[in-house]
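Visitor: Structure provided below as structure tokens; questions to follow.
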Amino acid sequence: MTDTSTSTVDTYLVVDSPYEVTRWRPLVNWVLVIPHMIVLYGLRILAQVVFLVYWVMFIATGRLHPGMYGIMAMHERYNTRASGFLFGFSEVYPPFDFNNDAVDNGAYPPVRLTLPPVPEVVGRGAALNIFKAIPHYIVLAIYFIAAGLVAFIGWFAVLFTGAWPQGMRRFLIQVSNYYYRVWAYTAMVQNDYPKFGVHAA
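Residue numbers for the sequence shown follow numbering that gives the first Met the number 0, so the first one is 0 and each next one is one higher.
In structure tokens form, the structure reads like this:
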């Protein structure tokens, strides 16, 4: 079953896996994913440092650095795959894959994240995107709290029924896609101001 969006907004995350999940998964996935979380911790620090340099270089040169953007995209994709396994979107263990292209390389078919490519021309005003996106991050914080609650309830549903409730899983994916629309705007690769909120799938 593929979960994606049919709305007019950009969709970056696609989950293509059955809703059915082995009932014991909620009890062990959080342990199995620990090696990925250790790697992810290092990637997150790297991505944060790289973004600062990426942003300053853009202010100085007026051009986005594709290599630095690739590192940030790698972190987001790695995080998405590990989180997808943790949440039970797939029972397939994610690879230790460090693809740094905007386009997903398909190494983890159940959870795919394709981000916008680096535009050839970006106006210097895009450097302000990080500040313009602040209202979105406030809204996202509320959505993340709701998503955490939904994920918690969803895991109990898996324990007792052996399947993710469709509406709950779709909501988590919608929240993720909202985050990635804002992320792409902050990274200055998508410079149309994002729409607020999640959109029906």
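Ideal placement from N, C-alpha and C gives every residue a C-beta, glycine not left out.
Going by DSSP in three states, E19 sits in which element: helix, strand or coil?
Guide: Locating residue 19 in the sequence shown gives position 20, counting from the first residue. Three-state result, E19: strand.
Visitor: Taking S16 and S82 to be in contact with their CB atoms under 8 Å, please state how far apart those CB atoms are, rounded to whole angstroms.
Guide: Within the sequence shown, the letter at position 17 stands for residue 16. Within the sequence shown, the letter at position 83 stands for residue 82. 14 Å between Cβ atoms; not a contact.
Visitor: Out of F143, P25 and P65, which one is the CA nearest neighbour of F155?
Guide: If you number the sequence shown from 1, residue 155 lands on position 156. When only C-alpha atoms are compared, the closest one is P25.
Visitor: What do you get for V14, buried or exposed, if any count of 16 or more other CB atoms within 10 angstroms of its CB means buried?
Guide: Against the sequence shown, residue 14 aligns to sequence position 15. Label assigned to V14: buried.
Visitor: Got a sec? Which residues, its chain only, sit under 7 Å from A150 by beta carbon, not counting five neighbours each side?
Guide: Translated into positions along the sequence shown, residue 150 becomes position 151. The answer, listed in chain order, is F86 and L171.
Visitor: List in chain order: all unbroken beta strand (DSSP E) runs of 3+ residues lying wholly within the segment 55-115.
Guide: If we require 3 residues or more, the beta strand (DSSP E) runs fully inside the segment 55-115 come out as 110-112.
Visitor: Exposed or buried, which one is L51 when buried takes at least 16 other CB atoms within 10 Å?
Guide: Start at 1 with the first residue of the sequence shown, and residue 51 comes out as number 52. Exposed, since its Cβ has fewer than 16 Cβ neighbours within 10 Å.
Visitor: Give a yes or no on whether the C-beta atoms belonging to M67 and N98 are separated by under 8 Å.
Guide: In the sequence shown, residue 67 corresponds to position 68, counting from 1. In the sequence shown, residue 98 corresponds to position 99, counting from 1. No, they are not a contact pair.
Visitor: Closest to L139 by C-alpha separation, out of P116, T21, G161 and S175, would be which residue?
Guide: In the sequence shown, residue 139 corresponds to position 140, counting from 1. Out of P116, T21, G161 and S175, S175 has the C-alpha closest to the C-alpha of L139.
Visitor: Count the C-beta pairs between the segment 128-142 and the segment 178-195 that are closer than 8 Å, then say yes if the count reaches three, no if not.
Guide: Result yes; three or more Cβ-Cβ pairs closer than 8 Å.
Visitor: Is the distance from the Cβ of V157 to the Cβ of V20 below 8 Å?
Guide: Here residue 157 corresponds to residue number 158 of the sequence shown, with the count starting at 1. Here residue 20 corresponds to residue number 21 of the sequence shown, with the count starting at 1. Yes, Cβ-Cβ distance for V157 and V20 is below 8 Å.
Visitor: How big is the Cα-Cα spacing for R168 and G41?
Guide: The sequence position of residue 168 within the sequence shown is 169, counting from 1. The sequence position of residue 41 within the sequence shown is 42, counting from 1. Each residue's alpha carbon lies about 28 Å from the other.
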